[in-house]
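**Student:**
Here it is, written out as structure tokens:
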């Protein structure tokens with residue numbers, strides 16, 4: 001079917017990469033365009049004409065949805081995604097039935113057909129650009145070895161505001177076709193442009209969330225090693241420029257391997273999370289506490305000399321020793337070895353600062369553990 005009079009212009013942005021699905025989508029677009037062409041003519045359509053076009057469209061939509069649902073089941077996509085996708089298919093027919101029933105009330109006004117057409121264009125474009133492309137991407141990821149959960153999370157993090165842009169273009173085409181009868185469609189176009197703006201804002205929020213995730217340790221919710229190094233680099237440069245003091249505390253839990261071996265890794269996770277809370281409660285407002293990985297933590301103390309860092313270290317040591325950590329069938333104590341280092345004129349990078357603090361942790365372990373070590 002030619003698309004010369006089409007209100008829905010197919011282009012590569014609508015392609016999912018699954019040949020069968022794309023072929024069926026193009027046929028649905030052709031059916032919608034046939035309906036659009038009919039109502040662009042200056043005549044009132046008969047009930048038989050509109051019924052024939054609509055029935056063909058709805059029957060094919062039902063067949064197409066069945067194809068998609070079989071594909072999702074075959075590749076075992078995320079249950080949450082399949083449930084939402086199927087729910088949208090069902091909602092489509094509920095809305096279509098409501099709009100179609102309006103066509104049989106009173107005269108066969110073309111404006112009622114336009115309402116149905118508006119919905120078809122709106123829904124199909126959003127569905128293809130949104131859920132169907134996400135479905136195809138998940139299938140591709142699973143074929144390449146990803147789990148269904150990994151595929152679902154990756155696809156959700158890669159959504160783009162371009163998903164709704166082509167729909168605005170489709171509605172612009174519709175406005176050209178139905179020039180004198182476009183007030184309602186113009187309102188819809190404006191609403192969609194607002195949705196593009198809202199979607200962009202949502203993406204900014206989502207990207208900010210992803211950024212936070214990339215610098216946050218998921219277990220303890222403390223900043224992670226990446227954030228620690230970025231912050232230390234920034235504070236090191238500030239300390240050089242303004243001659244501010246800078247100290248760090250390297251911390252390592254004592255006997256942590258024994259806790260994991262005796263009580264299991266779930267118990268070890270509880271210990272790490274409990275100690276992380278104690279560390280946050282022990283530091284000052286400007287201090288930056290991070291988890292480097294395993295049972296290692298780093299505290300960055302801006303504008304702090306060695307004496308001040310020692311006070312913070314002793315506070316941490318005392319608070320951690322006071323912990324009684326509840327496990328499933330018992331409780332356990334936590335102990336921590338702390339190494340402190342402060343920037344000196346001889347240091348050329350923050351790596352030397354970390355190295356010195358790490359050496360002091362080793363000394364603390366060598367001196368009996370559960371203590372603070374530093375070099376005056």
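Numbering (full-length UniProt numbering), first residue to last: 1 to 376.
Every residue, glycine too, gets a C-beta built ideally from N, C-alpha and C.
Judging by CA-CA distance, which residue of 128, 152, 129 and 100 is the nearest neighbour of residue 79?
**Tutor:** Counted from its first residue, the chain shown places residue 79 at position 79. Out of 128, 152, 129 and 100, 152 has the C-alpha closest to the C-alpha of residue 79.
**Student:** Assuming contact is defined by CB atoms lying nearer than 9 Å, are residue 248 and residue 353 in contact in what I supplied?
**Tutor:** Here residue 248 is taken as the residue at index 248 of the chain shown, counted from 1. Here residue 353 is taken as the residue at index 353 of the chain shown, counted from 1. Yes.
**Student:** Put residue 234 into one of helix, strand or coil per three-state DSSP.
**Tutor:** The residue labelled residue 234 in the question sits at position 234 within the chain shown. In the structure shown, residue 234 sits in a helix (DSSP, three-state: H, G or I).
**Student:** Since residue 222 and residue 302 should fall inside the 8 Å C-beta cutoff, what is the C-beta to C-beta distance between them, to a whole number of angstroms?
**Tutor:** As a working note, residue 222 is residue 222 in the chain shown. As a working note, residue 302 is residue 302 in the chain shown. With 8 Å as the limit, residue 222 and residue 302 do not qualify as a contact, their Cβ atoms being about 17 Å apart.
**Student:** In whole angstroms, what separates the C-alpha of residue 11 from that of residue 26?
**Tutor:** Along the chain shown, one-based indexing puts residue 11 at 11. Along the chain shown, one-based indexing puts residue 26 at 26. In a straight line, the C-alpha of residue 11 is about 10 Å away from that of residue 26.
**Student:** According to the neighbour-count rule (16 or more other Cβ atoms, all chains shown, within 10 Å of its Cβ), is residue 372 buried or exposed?
**Tutor:** Position 372 of the chain shown, counted from the first residue, corresponds to residue 372. Its Cβ being crowded by 16 or more others within 10 Å, residue 372 is buried.
**Student:** In chain order, which beta strand (DSSP E) runs of at least 3 residues are fully inside the segment 289-352?
**Tutor:** Listed in chain order, they are 296-302, 324-326, 331-333 and 336-342.
**Student:** Residues in its own chain within less than 6 Å of residue 251 by CB, not counting five upstream and five downstream?
**Tutor:** As a position in the chain shown, residue 251 is number 251, starting the count at 1. 297, 336 and 338, listed in sequence order.
**Student:** In its own chain, which residues sit with a C-beta less than 7 Å from the C-beta of residue 137, not counting the 5 before and 5 after it?
**Tutor:** Here residue 137 refers to the residue found at position 137 of the chain shown. These residues qualify, in order along the chain: 155.
**Student:** Consult DSSP for residue 372 and reduce its assignment to one of helix, strand or coil.
**Tutor:** In the chain shown, residue 372 corresponds to position 372, counting from 1. Three-state result, residue 372: strand.
**Student:** With a Cβ-Cβ cutoff of 9 Å, do residue 81 and residue 123 count as a contact?
**Tutor:** Along the chain shown, one-based indexing puts residue 81 at 81. Along the chain shown, one-based indexing puts residue 123 at 123. No. Outside cutoff.
**Student:** Check residue 283 in the structure and name its three-state DSSP category.
**Tutor:** For the purposes of this step, residue 283 is taken as residue 283 along the chain shown, with counting starting at 1. Three-state result, residue 283: coil.
**Student:** Roughly how many angstroms lie between the CA atoms of residue 274 and residue 239, to the nearest whole one?
**Tutor:** In the chain shown, residue 274 corresponds to position 274, counting from 1. In the chain shown, residue 239 corresponds to position 239, counting from 1. Distance between the alpha carbons of residue 274 and residue 239 is about 32 Å.
**Student:** Using only the alpha-carbon positions, how far apart do residue 225 and residue 22 sit?
**Tutor:** Within the chain shown, the letter at position 225 stands for residue 225. Within the chain shown, the letter at position 22 stands for residue 22. For residue 225 and residue 22, the distance between alpha carbons rounds to 44 Å.
**Student:** So what's residue 157 in DSSP terms, helix, strand or just coil?
**Tutor:** Stepping through the chain shown from its first residue, residue 157 is reached at position 157. Helix.
**Student:** If we count the other Cβ atoms within 10 Å of its Cβ and call it buried at 16 or more, is residue 265 buried or exposed?
**Tutor:** Locating residue 265 in the chain shown gives position 265, where the first residue counts as 1. With fewer than 16 Cβ atoms within 10 Å of its Cβ, residue 265 is classed as exposed.
**Student:** Check whether the segment 62-77 and the segment 130-146 are in contact - that is, three or more C-beta pairs closer than 8 Å.
**Tutor:** Output reads yes: the segment 130-146 touches the segment 62-77.
**Student:** Under the rule that 16 or more other beta-carbon atoms within 10 Å means buried, what is residue 328, buried or exposed?
**Tutor:** On the chain shown, position 328 is the one that residue 328 refers to. So residue 328 ends up on the exposed side.
**Student:** Where residue 254 and residue 243 are concerned, what is the direct C-alpha to C-alpha distance, given to the nearest angstrom?
**Tutor:** Within the chain shown, numbered from 1, the residue matching residue 254 stands at position 254. Within the chain shown, numbered from 1, the residue matching residue 243 stands at position 243. Cα to Cα, the separation comes out at about 35 Å.
**Student:** Is residue 239 near the ligand GDP - that is, is its Cβ less than 8 Å away from at least one heavy atom of it?
**Tutor:** The ligand GDP is not part of the structure shown, which contains no ligands of any sort.
**Student:** Select from 98, 262 and 15 the residue whose C-alpha is nearest the C-alpha of residue 377.
**Tutor:** The question about residue 377 has no answer, for the chain in this structure spans 1 to 376.
**Student:** Out of curiosity, what's the CA-to-CA distance linking residue 382 and residue 309?
**Tutor:** Here the chain comprises residues numbered 1 to 376, so residue 382 is not present and cannot be evaluated.
**Student:** Just to confirm my understanding: we take residue 128, look at its own chain, exclude 5 residues before and 5 after, and list those with CB closer than 8 Å. What are they?
**Tutor:** By one-based count along the chain shown, residue 128 stands at place 128. 14, 16 and 25.
**Student:** Here's the rule: buried if 16 or more other CB atoms are within 10 angstroms of the residue's CB, otherwise exposed. What is residue 85?
**Tutor:** Mapped onto the chain shown, residue 85 falls at position 85. Per the 10 Å Cβ criterion, buried.
**Student:** Specify the secondary structure class of residue 252 as computed by DSSP and reduced to three states.
**Tutor:** The sequence position of residue 252 within the chain shown is 252, counting from 1. DSSP places residue 252 in strand when its eight states are reduced to three.
**Student:** Return the bridge partner residues of residue 223 from the DSSP annotation.
**Tutor:** The residue you call residue 223 lines up with position 223 of the chain shown. Its beta-bridge partners are 216.
**Student:** Per DSSP, which one or two residues make a beta bridge with residue 247?
**Tutor:** Here residue 247 refers to the residue found at position 247 when the chain shown is read from its first residue. DSSP, once it has assigned bridges, lists 301 and 342 as partnering residue 247.
**Student:** For residue 40, report the span of its alpha helix (DSSP H) as first-last.
**Tutor:** In the chain shown, residue 40 corresponds to position 40, counting from 1. Here the alpha helix (DSSP H) through residue 40 covers 19-40.
**Student:** Have a look at residue 276 and residue 375 and give me their C-alpha separation to the nearest angstrom.
**Tutor:** On the chain shown, position 276 is the one that residue 276 refers to. On the chain shown, position 375 is the one that residue 375 refers to. Between residue 276 and residue 375, the C-alpha separation is close to 26 Å.
**Student:** What are the boundary residues of the alpha helix (DSSP H) that residue 138 is part of?
**Tutor:** The residue given as residue 138 occupies position 138 in the chain shown. Per DSSP, residue 138 belongs to the alpha helix (DSSP H) from 133-143.
**Student:** In three-state terms, what does DSSP make of residue 173?
**Tutor:** Your numbering for residue 173 matches position 173 in the chain shown. For residue 173, the predicted model reports a pLDDT of 46, less than 50, meaning its position is unreliable; a value from the coordinates is still stated below. Three-state DSSP puts residue 173 in a helix.
**Student:** Which residue's Cα is closest to the Cα of residue 285: 150, 97, 325 and 300?
**Tutor:** To locate residue 285, count along the chain shown from 1; it is residue 285. With distances taken between Cα atoms, residue 285 lies closest to 300.
**Student:** Determine the extent of the alpha helix (DSSP H) in which residue 146 is found, giving its start and end residues.
**Tutor:** Looking up residue 146 in the chain shown gives position 146. From DSSP, residue 146 is part of no alpha helix (DSSP H); its letter is neither H nor E.
**Student:** Assuming residue 32 contacts residue 96 (C-beta within less than 8 Å), just tell me the rounded distance between them.
**Tutor:** As a working mapping, residue 32 is identified with position 32 in the chain shown. As a working mapping, residue 96 is identified with position 96 in the chain shown. That pair is no contact at about 12 Å.
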